[in-house]
Amino acid sequence: MLAARPRGTGDILPGEVEKWRRLEDLIRRICREYGYAEIRTPVFEHTELFRRGVGETTDIVEKEMYTFTDRGGRSITLRPEGTAPVVRAYVENGLYNRPQPVKLFYVGPMFRYDRPQAGRFRQFHQFGVEVFGSDAPAIDAEVIAMAVDFCARAGLSDLELHLNSLGCPECRPVLREKLAHFFRRREAELCPDCRERLERNPLRILDCKEERCRNAGKDAPTSLGCLCHKCAGHFQSVKRCLDRLQVSYLENGRLVRGLDYYTGTAFEIMTRDTGAQSSIGGGGRYDGLVEACGGPPTPRIGYAFGLERLILAGEKQGTAVPESSAPPVFIATAGEKAGEAAFELLFKLRRAGLPAGMDYLGRSLKAQMKYAGKAGIRFVLIIGDDELARGLAVVRDMASGGQEEVSLEEVAAYLALCLENIPAGERQRP
Ligand code: HAM
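Letter by letter, the sequence shown follows residues 1 to 430 of the numbering used here.
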């Protein structure tokens with residue numbers, strides 16, 4: 001159908017865009033404070049990057065990638081996540097030669113052929129950070145505390161931080177074997193996909209979205225019970241650092257995350273305010289991925305948030321107040337001459353940095369005032385032939401109903417002063 005968007009995609013309309021911009025402004029501000037530089041990678045990559053990077057047995061690679069063959073016969077995939085592309089860019093551009101640690105952030109659209117529902121889309125947006133070059137537990141804690149700080153500053157409350165360690169290549173086989181043993185005895189309860197994963201990658205069963213698999217995994221062995229001495233020590237230190245920063249967390253030894261690259265610390269931030277999709281962001285350590293992409297051994301940690309889920313949670317919690325997108329100043333006119341003068345004045349106001357609009361539909365003065373009321377305009381300049389002859393405009397504050405006559409020469413300075421004294425969020429009439 002020509003007039004329908006593809007399932008799982010969304011239009012971000014005027015009125016909504018302002019919320020996105022506020023969130024993106026906060027992201028840039030907080031990344032500057034924490035010392036992260038922005039990186040932008042292509043929206044599509046060679047399919048192989050995600051197969052190897054995200055993991056062959058993950059839902060993302062098995063079921064959710066938008067993959068196609070381009071005209072040159074190459075297999076291409078729209079990025080389902082941002083981490084593997086950032087690692088590719090780090091290796092390909094030799095960023096390992098820069099002073100370490102290298103701290104990067106990104107914001108942009110991702111694509112997963114997921115089953116659309118509230119908070120789950122096929123095109124969605126992520127804000128993510130990745131730190132290369134440090135294996136200190138303090139950097140794990142810094143990254144996690146930054147994610148928590150970000151949520152607090154986005155106005156979100158009632159969040160739960162789930163924390164786990166998935167262990168290193170030394171302790172992971174112990175966990176795999178314990179899980180395989182546990183689930184073999186419950187094979188009949190598992191979905192067909194998980195039955196197949198049982199031997200290939202039993203950890204994935206803990207991440208299955210099917211309810212019967214979730215039930216089957218309720219008493220499964222936890223990764224925390226399988227950690228080697230080094231990983232257990234690292235995890236203890238991360239927790240100590242978080243305690244020192246007064247960041248509260250819940251230990252969750254069955255948190256595995258949906259991607260295969262994680263080693264060591266893994267975390268997820270959950271809320272009940274996005275419906276069934278309780279995770280608004282998550283991440284962890286993935287020390288092996290740079291080597292897998294052909295770079296030198298590099299410890300790394302990162303996370304990503306879904307912007308749609310942040311906005312949804314903000315709306316449910318009443319933190320994201322919609323803003324009118326109309327400029328705060330409108331010139332309403334009566335008569336042809338006044339209309340011409342208003343056209344010139346409009347550009348004078350805009351050149352003075354004042355967002356302003358006027359009528360282009362030939363509406364009566366009454367209809368223009370009605371429009372200004374509906375659109376949430378804060379100040380209306382009323383100019384009729386009589387005002388024009390006297391070289392002035394009537395400035396009406398639509399919030400208070402008060403009005404004043406101001407000379408056309410001084411009206412720009414007058415409005416600038418009025419707007420300066422009103423906080424940005426109140427410049428439109430409530
Ligand atoms: P992820 O958990 O797959 O991790 O995704 C991170 C966040 O993206 C989720 O918590 C969720 O908010 C959002 N998200 C994922 N899928 C969808 C969807 N279909 N619709 C709407 N939002 C969605 C990663 O992607 C890792 N790359 C995170 C990371 C960075 N780990 C280390 N560095």
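Glycine included, C-beta positions come from ideal geometry on N, C-alpha and C. These numbers were taken from a predicted model, which means no experiment stands behind them.
Among the options, nearest to residue i - alpha-carbon criterion
| i | options | result |
| --- | --- | --- |
| R378 | A332, F347, E387, A341 | A332 |
| V411 | F50, R350, R186 | R350 |
| K328 | S157, G357, T319, A313 | Before going on, a small fix: residue 328 reads as Pro here, not Lys. Nearest C-alpha to P328: G357. |
| Y360 | G353, L354, Y371 | Y371 |
| F150 | G264, G281, C231, P221 | G281 |
| V87 | G294, G233, G373, S407 | G294 |
| R120 | Q368, L310, F330 | L310 |
| K374 | A399, P355, G362 | A399 |
| Y34 | K63, V129, R200 | V129 |
| A89 | K63, F132, I76, I60 | F132 |
| A59 | S165, I205, S248 | Here the sequence assigns Asp to residue 59, which means Ala is not the residue at that position. Measuring from the Cα of D59, the nearest candidate turns out to be I205. |
| I422 | S407, S237, L408, D397 | D397 |
Alpha carbon of residue i to alpha carbon of residue j, nearest angstrom
| i | j | result |
| --- | --- | --- |
| K316 | Q100 | 40 Å |
| A292 | T41 | 19 Å |
| L390 | Q403 | The residue you asked about is not Leu; residue 390 is Arg in the sequence shown. Rounded to whole angstroms, R390 to Q403 spans 17 Å at the Cα level. |
| G8 | A393 | 49 Å |
| G155 | C31 | 17 Å |
| R122 | R214 | 24 Å |
| R5 | D114 | 16 Å |
| H125 | Y106 | 10 Å |
| P322 | A118 | Residue placement at P322 is poorly supported in this model, since its pLDDT is 49, which falls under 50; the coordinates still yield a value, given next. Near 19 Å, if we compare the C-alpha coordinates of A118 and P322. |
| M110 | L307 | 11 Å |
| V395 | G15 | 25 Å |
| G233 | L161 | 20 Å |
| T47 | Q368 | 55 Å |
| E45 | R363 | 52 Å |
| A416 | A352 | 8 Å |
| D25 | K103 | 18 Å |
| P85 | R257 | 18 Å |
| V43 | E81 | 10 Å |
| F50 | Y303 | 17 Å |
| K63 | A145 | 33 Å |
| M65 | R79 | 8 Å |
| R458 | E142 | No statement about residue 458 is possible, as the shown extent of the chain runs from 1 to 430 and does not include it. |
| F347 | R22 | 27 Å |
| P430 | E18 | Because the pLDDT of P430 is 42, which lies under 50, any placement of that residue in the model is unreliable, and the question is left without a value. |
First through last residue of the alpha helix (DSSP H) which encompasses residue i
| i | result |
| --- | --- |
| G339 | 336–351 |
| R442 | Because the chain spans 1 through 430 in this model, residue 442 falls outside it and cannot be assessed. |
| I139 | 137–153 |
| V443 | A question about residue 443 goes unanswered here, because the residues of the chain that appear run from 1 up to 430. |
| P172 | It is worth fixing the name first, because residue 172 is Arg in this sequence and not Pro. R172 -> alpha helix (DSSP H) spans 172–184. |
| E315 | 307–316 |
| V87 | 83–92 |
DSSP-derived helix/strand/coil call for residue i
| i | result |
| --- | --- |
| S237 | helix |
| P322 | Note that P322 scores 49 on pLDDT, short of 50, meaning its location in the model is unreliable and no value can be drawn from it. |
| G15 | coil |
| Q368 | helix |
| Y286 | coil |
| N164 | strand |
| S437 | The question about residue 437 has no answer here: the residues shown for the chain are numbered 1 through 430. |
| L388 | helix |
| A416 | helix |
| I422 | coil |
| D397 | strand |
| P6 | coil |
| I383 | strand |
| R220 | What sits at residue 220 in the sequence shown is Ala, not Arg. In this structure, A220 counts as coil in the three-state DSSP scheme. |
| Y34 | helix |
| Y106 | strand |
| L250 | strand |
| F44 | strand |
| F121 | coil |
| V129 | strand |
| R438 | Outside the shown range of the chain (1 to 430) lies residue 438, about which nothing can therefore be said. |
| G225 | helix |
| Y431 | It is not possible to answer for residue 431, since the shown part of the chain is limited to 1 through 430. |
| G53 | helix |
is_contact[residue i, chain D] using C-beta, thresh 8 Å
| i | result |
| --- | --- |
| R309 | Absent here is chain D; the protein component of the structure consists of one chain. |
Span of the beta strand (DSSP E), counted from its first residue to its last, around residue i
| i | result |
| --- | --- |
| R195 | First-last for R195: 192–200, but that is the alpha helix (DSSP H), not the beta strand (DSSP E). |
| T69 | 66–69 |
| L203 | First-last for L203: undefined, no H or E at that position. |
| T265 | 265–270 |
| G275 | Run containing G275: none; DSSP gives neither H nor E here. |
| V329 | 329–333 |
| S407 | 403–407 |
| A356 | 356–358 |
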